[in-house]
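Below is one structure, written out as structure tokens; comments come after it.
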Amino acid sequence: MAADSRGPEHVAGWSIDRREFIRLSALALGGAAVGACSEGSTAPAQPTAQVAAVRGTDLDGMTRDALSALGGIGRVVHQGESVFIKPNMVTLPWARSSPVFTSGECTKPDIIIAVAEECLRAGAAEVVIGDGSQLPTLDWTQATTLDGSTNLALEVQRLSDRYPGTARVASLEVDSPAWDEVPSRTPMGTIAVSSLVTRADRVISIPVAKTHSWAQLTLSLKNFVGVTPMIRYGVWLDGYWDRGRVLDHSSTRSIAQIYLDIVDAVKPDLAIVDFSYGVEGDGPTTGDGQTVDMRSRLGSWLVLASTDIVAADATAARIMSHDVDSITQLRLGYEMGLGEMRGDRIELLGERLEDLRVQWRPARLRNRLAACRFGGAAYARGPSSSIRGSRFQDA
């Protein structure tokens, strides 16, 4: 088992919970660990992180195999613990009229269900699957598996009936008991995060692989923008909430600092990246981006899993043929000590990186300055941006 890097609240002899740790960390922000970033082989002599890669066409089985390759979910989730699972459900509110899963915009429920069940099998007392999206409530019956046989609303009930622990879905805007302030290096000073996340014993990020016109890529790290309150950080625009108008999107670094501060506070335990259908080009939606079906480029779908969230995203970026050193969130996350990005320190389990690389068109960045009430900046949509494309800056 890898050394526990979660922080003092999980070290033997400490009894404070995640919320108390966040309160204490707000009093004294830690320094950043800075190091050189370099590419390397996929089988390093002295790896500091492992990423499991599983190919196939059965997302449920692939996900469970990826977890097994890491030593099983029991390496992460223990008896009696609470678990928060964060998928990317940014366009789920429009699932009745748009194929949000096969378009590549949202995480596939097949993967989420497999992870939730494995957590309950390991003895989790509660598993919460939640996201913020662009509207206050989500219709989880629309989160259907790719074969259409079931959905997340039905599955959490099935899992709750089958296991001693419980599973449920949560629309964070309306279902969060509270919003906890976590420390931020931005001019805001703190960022509000759902207590369902901050007070969970274990946190799992399950993104879908997409490019992003304001963040370069949206993967496991960027996924955490969706745990912030729309009522505080969003602006209501023609039927949806847009956090990109309040949270600083003026540069890839300014927006990265926001979600990396959240990651730094909640210390995610596991990342699983969905490489079935994704988005390339001017994502994060197909309003301006284009769907990628990995079967047409790799010959199969792919699932990545790692207990190192930065290593998971760095590996995903390499598979997407992006220059990892040029991805702001990865470089900054590594410098903050959030995980490993160096290729020669990441061990890829099950596959060779050179066999997984595919062409993946990068996004054209749209970061621009605009006045913001927090003294920062927010993106001002230019005349060439489509309503759908601009709608989902935080996807």
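Residue numbers (numbering that gives the first Met the number 0): 0 to 394. Don't be surprised by glycine CBs; every beta carbon is placed ideally from N, CA and C. These figures come from a predicted structure and were not determined experimentally.
Between valine 114 and arginine 167, the C-beta spacing is not below 8 Å. Around lysine 209, the same chain offers Thr217, Gly277, Val278, Gly282 and Pro283 as residues with beta carbons nearer than 6 Å, after the five sequence neighbours per side are excluded.
In this structure, aspartate 174 keeps its C-beta atom at 8 Å or more from the C-beta atom of serine 194.
Collapsing the DSSP output to three states places isoleucine 203 in a strand.
In the DSSP assignment, serine 305 falls within the beta strand (DSSP E) that extends over 300-305. The bridge partners DSSP lists for alanine 52 are Leu303. Runs of the beta strand (DSSP E) lying entirely within the stretch 154-183 and spanning at least 3 residues, in chain order: 165-170 and 178-182.
In the DSSP annotation of this structure, the continuous segment of the beta strand (DSSP E) that includes aspartate 130 starts and ends at 125-130. For alanine 270, the CB contacts under 6 Å within the same chain, skipping 5 residues up- and downstream, are Ser204, Ser219, Ser305, Ile308 and Ala311 in chain order.
One alpha carbon belongs to glutamate 334, the other to isoleucine 326, and they sit about 13 Å apart. Of the candidates Cys118, Met340, Lys85 and Met229, Cys118 places its Cα closest to the Cα of leucine 66. If you look at leucine 347, you'll find it in the beta strand (DSSP E) that goes 345-348. With the rule of 3 Cβ pairs closer than 8 Å, the stretch 248-261 counts as touching the stretch 328-347. Assigned with DSSP and collapsed to three states, lysine 221 falls in helix.
Aspartate 64 sits in a helix when the DSSP states are folded into three classes. Valine 272 and alanine 199 do not touch by the CB rule: their CB atoms are close to 20 Å apart, not below 8 Å. Apart from the 5 residues on each side of it in sequence, alanine 214 sits with its Cβ closer than 7 Å to the Cβ of Lys221, Thr251, Ile254, Ala255 and Gln328 in its chain, given in chain order.
Rounded to the nearest angstrom, the gap between the Cα atoms of aspartate 268 and isoleucine 72 is 10 Å. DSSP places tyrosine 276 in no alpha helix (DSSP H) but in the uninterrupted beta strand (DSSP E) bounded by 269-280. Excluding the 5 residues flanking it on each side, tryptophan 359 has same chain C-beta neighbours closer than 6 Å at Glu279, Met319 and Ser320, in chain order. Of the candidates Asp146, Ile345, Leu352 and Arg356, Ile345 places its Cα closest to the Cα of threonine 47. Counting the other Cβ atoms within 10 Å of the Cβ of tryptophan 139 gives 16 or more, which makes it buried.
Nearest to isoleucine 261 by alpha-carbon distance, out of Gly238, Leu145, Thr185 and Val302, is Thr185.
For valine 50, the CB contacts under 8 Å within the same chain, skipping 5 residues up- and downstream, are Leu303, Ala304, Ser305, Asp307, Ala310, Ala311, Thr314, Ile345, Glu346, Leu347 and Leu348 in chain order. In the structure shown, leucine 236 adopts coil according to DSSP, grouped into three states. Between the C-alpha atoms of aspartate 292 and threonine 90 there is a straight-line separation of about 18 Å.
Within the same chain, and ignoring the five residues on either side of glutamate 350 in sequence, the residues whose Cβ sits closer than 6 Å to its Cβ are Ala52.
The three-state reading of DSSP puts proline 86 in strand, counting E and B together. Contact check for tyrosine 239 against glutamine 141 fails: the beta carbons are separated by 8 Å or more.
For aspartate 109, the enclosing alpha helix (DSSP H) has its first and last residue at 108-120. If the five residues before and after alanine 94 are omitted, its C-beta is found closer than 6 Å to the C-beta atoms of Gln141, all from its own chain and listed in chain order. Between lysine 85 and serine 275 a beta carbon distance of about 18 Å is seen, past the 8 Å cut, so the two are scored as non-contacting. Residue pairing by DSSP puts threonine 189 in a beta bridge opposite Pro182. By the C-beta density criterion, alanine 121 is buried, having at least 16 other C-beta atoms within 10 angstroms. Pairing arginine 242 with aspartate 160, the inter-Cα distance amounts to about 37 Å.
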